[in-house]
Structures are given as structure tokens and as C-alpha cells.
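Okay, structure first, notes after.
Numbering (my numbering), first residue to last: 1242 to 1623.
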């Protein structure tokens, strides 16, 4: 069986709110295998919703200064257990199935714990497993470095694993399953009037991810563009995957992103600001520049302070650092405008106004969006 005929599907943590959800997805996979004889499926899974946060809290309570290597080894267990759960549910239905994780997947990375990058993908084991199995379940977001220590590719990086696999096996598309109907014009849990966007270009989507949107991992989008792999975003509904958004060739789209836990460094010095931008570009980091007429500001999304220590050495004049700020990014095609706010309420209010200006009739029919669900079963891990 040629690996070209292998389908890549990724299920996010919101797909697994209880143990029965593994059985539902296993039934779907069994029907796919039986309906299409000879078909092969590589299924990437995230940890059950809420698990990663609980594991992080646990390791922080034991040692707030634990090495990043310890963090990665701890957090990876959420995806590994999730993969075994789906393997068990699928095998129970008589489908030939196995699971792989960082230690036997063949995904080799550098040693940047917490945000490692793939350096090599050895397909030897995957090829061998595909010869004897119809479904391979892969624990997402992880690999190993040269010392065989587990490394995480980043928070919410199972998308990246799926796209790395897609390019490795020569797939033309990759399906990403989440709890929302595709890519939306805003986070529907913040702005219920958000609309589904049917198609969006790679570069626009990469910019949206860079601004902090969690619908897709940024490196995954860039990798898909590099290899020309279409991303199909859908939701698991009534026993099947419904596709709502395709990501591929550039097409106009407007999206408003609200990001929390943002760190902002501000200065009035143009020379310091320019030096900082130059340094970030040398490090292949795309700075998020905030539109502010009074001062120059750079934002770091997700509480990532790794670059701040070195950046501060570049600043000769007065500067300030603000933690736990909020960032609103308004994407219109490839252009973007950003504004920072001190409170969640102010950020959401501004985002709502900007969204209304982009989609004037969106408020006419507002669906009901409850709070994002977390698995009650995630407490079994700690």
C-alpha cells in the first residue's frame, strides 16, 4: 500500500471531553476503514481538554523552577495517554490499530524545550506500522532530541505534528478537527456573532495565528504553505467530520483576534526600537508591532518572555515592560492593526466594535456560545 493513500486527521483536545468520546471517534474510524478498503489513517491527538493545564499546575506546585526538560516530559504524558485511549477504543472494534509517541515516532528535534523544531523525520517505524495496521494514532506536539529526551513543539502544537506527517507521507491535504465550525471571524466564545470563513490563504492564516489565535498553530500553517498542503478545518458532528474552512491559496478574509497574557515592551526611542526589531529579525522572530502614536511598542503573545532579557540590553534610553496585557489584532487580508489594553473587558469591547465594522449584519443572528468546555476527566492525571 503506497503511503500516498494515507489520510492525516488531527483531533483537538475538545474532541475528548469524556471517555465515551474516544469510542465515538473510534467508530467513525472503523467505518472509514471498512467503507474504503485499503485506506490508511494516521490520527494525531491532543490531550483531553484541560489536561495540559492541570499537568503544568502540578509540576509548578512541585518545583516552580523546574527545568524546561522536566516540563516537556511531564506535559507530553497527556497526549501519550490520549493516544493509548483512542488505540484501545479503535482496536476494540476489530480495527488493526497501534499508537506512537515521541519515543518511537521518528520525529527528531533540536533541544529548544517548550518550542522545539523538527530537524529530521525518520519514517522507518511509521512505514513498518502502516504495513500491519489500518490506523496509527500519534501523540501530538512532541519529539525527541539527540539525547532522546522528550521535547514539546509548543503549546497547542499537535497541528504541527499533523502537518509534518502530511508532508512526510506526501499527503495533499490534512484535516484538523476542533470544537468550532472551521476558522471564524473571531473567537465565538468571546464574540458570539463571529462568522465562519469558508476559505482563507496561508499567509493570512499564519498572521492570525501569530497574533495569538488558537484555532491553528502558526508553524503548522507555515509548513503547510511550504509543501502546498491544503488544510481542511472541521468539526466532529453526528458521527462524521463536517468541513467548514479550507486554507490554501490566498483569498480575502477579515478576522479579529483577542490575545491575553501579552507582554509589551514600550519605548519612545526610535533608535532603540529599530535595534530591537533588527535583533528580532536576526533571530527569525516576527515582532508584533502595536499601533500607537505616542510611543513604540512590541508585543509578545502567550506570556513568552524568553527574548526580553536580551532585548533589554539593547535599550539605552527609558523603557517599560507591561505583563498580562491584552492585544486586539484586526486582520484584513495581509494587513493588520494592533491595539493594547489593560483589561479583558476593554479588549473585548474594542474587538466587538471592530468586528461590527467588518461584518455590519453579523449581530442580526447571534448563535448561543457557552463557555469553552473542559473535560471533567482531566483530573485523573494529577
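The beta-carbon is built from N, C-alpha and C at its ideal position, and this holds for glycine as well. Just so we're clear, the structure is a prediction, and the values are computed from it rather than from any experiment.
- Fully enclosed by the segment 1344-1387, which alpha helix (DSSP H) runs are 4 residues long or longer? 1365-1373
- How is residue 1542 classed by DSSP in three states: helix, strand or coil? For this step, residue 1542 is matched to residue 301 along the chain shown. It is helical.
- residue 1407 to residue 1257 span [Cα, whole Å]: Here residue 1407 corresponds to residue number 166 of the chain shown, with the count starting at 1. Here residue 1257 corresponds to residue number 16 of the chain shown, with the count starting at 1. Taking the straight line from one Cα to the other gives about 23 Å.
- Across which residues does DSSP place residue 1442 in a beta bridge pair? Counting from one through the chain shown, the residue named residue 1442 turns up at place 201. Note: residue 1442 is bridge-paired with 1489 in the DSSP secondary-structure output.
- Take residue 1263 and list the residues in its own chain whose beta-carbon comes closer than 7 Å to its own, dropping the five residues that flank it on each side. One-based indexing of the chain shown puts residue 1263 at position 22. Result list for residue 1263: 1257, 1326, 1327 and 1330, in chain order.
- Message: Give me the residue from 1272, 1536 and 1496 with the minimum Cα distance to residue 1436.
- Response: For this step, residue 1436 is matched to residue 195 along the chain shown. Of 1272, 1536 and 1496, the residue nearest in Cα terms is 1496.
- Message: Under 8 Å: do the segment 1372-1379 and the segment 1331-1339 share three or more Cβ pairs, one atom per stretch?
- Response: yes
- Is residue 1441 near residue 1413, with beta carbons less than 8 Å apart? Residue mapping note: residue 1441 aligns to position 200 of the chain shown, counting from 1. Residue mapping note: residue 1413 aligns to position 172 of the chain shown, counting from 1. Result no, Cβ atoms of residue 1441 and residue 1413 do not sit closer than 8 Å.
- Quick one: using the 10 Å Cβ neighbour count with 16 as the cut-off for buried, is residue 1432 buried or exposed? If you number the chain shown from 1, residue 1432 lands on position 191. Classification for residue 1432: buried.
- Query: Based on Cα-Cα distance, which residue from 1374, 1344, 1373 and 1395 lies nearest to residue 1363?
  - Reply: Position 122 of the chain shown, counting from 1, holds the residue named residue 1363. Nearest option by C-alpha distance: 1344.
- Mind checking residue 1583: buried by the 16 CB within 10 Å criterion, or exposed? Position 342 of the chain shown, counting from 1, holds the residue named residue 1583. That one is exposed.
- Message: If contacts are defined as beta-carbon pairs under 8 Å, then residue 1572 and residue 1448 qualify, I think. What distance do you get, rounded to the angstrom?
- Response: Locating residue 1572 in the chain shown gives position 331, where the first residue counts as 1. Locating residue 1448 in the chain shown gives position 207, where the first residue counts as 1. So it is a contact: roughly 6 Å between Cβ atoms.
- Message: Taking 8 Å as the threshold (C-beta atoms), are residue 1316 and residue 1296 in contact?
- Response: Here residue 1296 refers to the residue found at position 55 of the chain shown. Here residue 1316 refers to the residue found at position 75 of the chain shown. Yes, Cβ-Cβ distance for residue 1296 and residue 1316 is below 8 Å.
- 8 Å Cβ cutoff met for residue 1592 and residue 1569: To locate residue 1592, count along the chain shown from 1; it is residue 351. To locate residue 1569, count along the chain shown from 1; it is residue 328. In contact: residue 1592 and residue 1569 (Cβ atoms closer than 8 Å).
- Item | Contact belief for residue 1626 with residue 1290 at Cβ below 8 Å, rounded distance in angstroms | Residue 1626 lies beyond the residue range present for the chain, which begins at 1242 and ends at 1623; the question has no answer from this structure.
- Confirm, please, whether the CB-CB distance from residue 1392 to residue 1360 is below 8 Å. Working through the chain shown from its first residue, we reach residue 1360 at position 119. Working through the chain shown from its first residue, we reach residue 1392 at position 151. Result no, Cβ atoms of residue 1360 and residue 1392 do not sit closer than 8 Å.
- Could I get the ranges of all uninterrupted beta strand (DSSP E) runs contained in the segment 1300-1344, with 3 residues as the minimum, in chain order? 1338-1341
- Message: Out of 1522, 1512, 1520 and 1526, which one is the CA nearest neighbour of residue 1537?
- Response: Sequence index remark: in the chain shown, residue 1537 carries index 296 (1-based). Cα-wise, what sits closest to residue 1537 is 1512.
- residue 1312 versus residue 1303 - alpha carbon distance: Taking the chain shown and counting its residues from 1, one reaches residue 1312 at position 71. Taking the chain shown and counting its residues from 1, one reaches residue 1303 at position 62. Near 11 Å, if we compare the C-alpha coordinates of residue 1303 and residue 1312.
- Message: Quick check: residue 1417 and residue 1371, are their CB atoms within less than 8 Å of each other?
- Response: Walking along the chain shown from the start, residue 1417 turns up at place 176. Walking along the chain shown from the start, residue 1371 turns up at place 130. Their beta carbons are not under 8 Å apart, which means residue 1417 does not touch residue 1371 by this criterion.
- Could you give the DSSP three-state label for residue 1478: helix, strand or coil? Stepping through the chain shown from its first residue, residue 1478 is reached at position 237. Annotated three-state conformation of residue 1478 is strand, per DSSP.
- 7 Å Cβ shell around residue 1561 - same chain, five flanking residues per side excluded: Taking the first residue of the chain shown as 1, we reach residue 1561 at position 320. Same-chain partners within the cutoff: 1507.
- Helix or strand or just coil, what does DSSP make of residue 1427? Counted from its first residue, the chain shown places residue 1427 at position 186. It is coil, neither helix nor strand.
- Query: How would you call residue 1528, buried or exposed, if buried means at least 16 neighbouring beta carbons within 10 angstroms?
  - Reply: Taking the first residue of the chain shown as position 1, residue 1528 is located at position 287. So residue 1528 counts as buried.
- Query: Can you pull the DSSP bridge partners for residue 1572?
  - Reply: Your numbering for residue 1572 matches position 331 in the chain shown. DSSP output for residue 1572 lists 1496 and 1577 as bridge partner(s).
- Short Cβ contact (8 Å threshold) for residue 1420 with residue 1499: As a working note, residue 1420 is residue 179 in the chain shown. As a working note, residue 1499 is residue 258 in the chain shown. No.
- Note down, in chain order, each residue of its chain lying with its Cβ closer than 7 Å to the Cβ of residue 1463, except the 5 sequence neighbours on either side. For the purposes of this step, residue 1463 is identified with residue 222 of the chain shown, where counting begins at 1. Within the same chain, Cβ atoms closer than 7 Å to the Cβ of residue 1463 are found at 1447, the five residues on either side in sequence being excluded.
- Query: In or out: residue 1405 buried (at least 16 other Cβ within 10 Å) or exposed?
  - Reply: One-based indexing of the chain shown puts residue 1405 at position 164. Under this definition residue 1405 is a buried residue.
- Message: Does residue 1628 come out as helix, strand or coil in the three-state DSSP assignment?
- Response: In this structure the chain extends from 1242 to 1623, so residue 1628 is not present and cannot be described.
- Query: Where does the unbroken alpha helix (DSSP H) through residue 1269 begin, and where does it stop?
  - Reply: As a first step, residue 1269 is located in the chain shown; it is residue number 28 there, counting from the start. Here the alpha helix (DSSP H) through residue 1269 covers 1260-1276.
- Own chain, CB closer than 8 Å to residue 1271, minus 5 neighbours either side, in chain order: Against the chain shown, residue 1271 aligns to sequence position 30. These residues qualify, in order along the chain: 1331, 1334, 1335 and 1336.
- Message: For a test of the three-state rule: what should DSSP assign to residue 1536, helix, strand or coil?
- Response: Locating residue 1536 in the chain shown gives position 295, where the first residue counts as 1. Coil, per DSSP.
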